[in-house]
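Below is one structure, written out as structure tokens; comments come after it.
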Amino acid sequence: MRRGRFHFTRRHLLLTSLGLAVACRSRASPTQTSSLPSPTSSLGPGPTVTAEPRPSPTPFPTLPRPTPTPVPSPTPTFAPTPTPHPLAAYTIEGLRARSYPGGPIEVIRIVAETEAYTFAHIRYPSDGLRITGGLHLPRGDGPFPVVILCHGYIPPEQYWTGADTITAADELARRGFLCVAPDFRGWGGSDPGPNYFRTGIVIDTLNLISSLPSLPQADPARIGLWGHSMGGGLVAKAICIDQRIRAAVLYAPVSGWDLDNIRKWGAGVQPNDPLSSLYQAVAEDETFLRATSPLFHFHFVTCPVQIHIGTADTVTPPEWSRAIRDSLQLAGKSVEYFEYPGEGHAFSPPAWRLFMDRVTSFYDRTLRSG
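All letters in the sequence shown, in the order written, are residues 0 to 369 by numbering that gives the first Met the number 0.
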């Protein structure tokens, strides 16, 4: 098998890794300039000096007028262009203003084959980092609607590709959805990278969306997101940034207000990070955190959203999901909301079955058409 390509006969599936990079839309930030008009130099007339008269019939001659000394025009000064905040790139507006070029999705190895799909490990580029993940490719010709599954927080040393997502991916792939579950920077075989306000993983997801056209079996016009816990918070931010997303599922998401998450789990930055001091300073700045939090930017959302939460969840309490629901509704967005009595942060089998039936029905309605 050559890297990036593999071929299957009837029992195998053709997976082609193309090196096509699809650039996302990019937005240029307006350049702020300011100028002051140059003052006009005004030269006033010099004084006229006359001699006092003497008692003489001959008048004393008038003294010559002194030549005026020019007054130099002051050098015009300009108000400096405001310097962007060093962390402005990680606000919702900052993330909306940049591009997500992505790159080719490459198959590292085939892990398993079933009667319904092939499961493989993959990698793709994200802002110069190598991001690994898992791919569930349904049998058939495609192109298939795509669901990107975003895992919750698991200590990196305990994480493995597919942790927290593989069960949902198995069910969705059996129903004809091409599923990709990125490991994200710092997890699995991915390179480490900055993740201020958990936006590094958002960037990895949006670069993955841009990379999807390199998979011939994927339909990049039909993309849904699925996220649990930390991954649910990621999805809440992503839908405020990228209009290519057609549907979003939030399963027991973290808060849409970054201040809640920081107060519960800390700022999440390494002490040796060059922006550590600055990051710690804004981590309790409510004004700045409004700019990083999706709760205040749902007016940008263009896709329907489905939210699922257990009433006994003590990790991401139901109040957080209700706040996301309420903010989406206030913004006039389409949102379906479900609570599961007595369920915690990970649903029990009966609740999981109901949850996934609702999720699959939602994706059928939003991703199968068009």
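Even glycine gets a Cβ: it sits at the ideal position worked out from N, Cα and C.
Residue burial classification, W159 (beta-carbon count within 10 angstroms, cutoff 16): exposed
By the three-class DSSP mapping on this structure, what secondary structure does I153 have? coil
Exposure label - Q157; buried when at least 16 CB within 10 Å: exposed
Can you name, in chain order, every residue of its own chain whose Cβ lies under 8 Å from the Cβ of Y195, other than the five neighbours on each side? L86, Y89, V268, L274, Y278
For G267, report the span of its alpha helix (DSSP H) as first-last. From DSSP, G267 is part of no alpha helix (DSSP H); its letter is neither H nor E.
So what does DSSP say about G127, is it helix, strand or coil? coil
So what's I109 in DSSP terms, helix, strand or just coil? strand
Mapping the DSSP letters down to three states, classify P103 as helix, strand or coil. coil
Output yes or no for whether 8 Å exceeds the beta carbon distance between V253 and W319. yes
If you follow the beta strand (DSSP E) that G223 is in, where does it begin and where does it stop? 217–227
Starting from Y278 and walking both ways along the beta strand (DSSP E), at which residues does that stretch end? Not the beta strand (DSSP E): Y278 falls in the alpha helix (DSSP H), residues 275–281.
At which residues does the alpha helix (DSSP H) containing R318 begin and terminate? The sequence shown places Glu at residue 318, rather than the Arg named in the question. Unbroken alpha helix (DSSP H) run through E318: 317–329.
Can you tell me which of G230, Q305, A330 puts its alpha carbon nearest to the alpha carbon of Y152? G230
Below 6 Å CB to CB, which residues in the same chain sit around V146 once its five sequence neighbours on both sides are set aside? L171, F176, C178, G223, W225
I'd like to check one pair, R245 with L366: are the Cβ atoms closer than 8 Å? yes
R197 - DSSP class collapsed to helix/strand/coil: helix
Please check the pair S228 and H344, which I expect to be a contact at CB under 8 Å, by giving their CB distance rounded to whole angstroms. 7 Å
DSSP state of Y336, grouped into three classes? strand
Between the CA atoms of N271 and G370 - distance to the nearest angstrom: Outside the shown range of the chain (0 to 369) lies residue 370, about which nothing can therefore be said.
Look up G45 in the DSSP assignment and say whether it is helix, strand or coil. Low confidence applies to G45: its pLDDT is 42, below 50, so where it sits in the model is not reliable enough to give any reading.
Euclidean distance between Cα positions of A111 and A119: 7 Å
Can you give me the C-alpha to C-alpha distance between Q305 and D190, rounded to a whole angstrom? 31 Å
What first and last residue would you give for the beta strand (DSSP E) that runs through G93? No beta strand (DSSP E) contains G93, which is instead part of the alpha helix (DSSP H) from 91–96.
Under a Cβ-count criterion, where at least 16 other Cβ atoms within 10 Å of its own Cβ denotes burial, should T315 be classed as buried or exposed? buried
Where do the N-terminal and C-terminal ends of the beta strand (DSSP E) with A180 fall, by residue? 177–181
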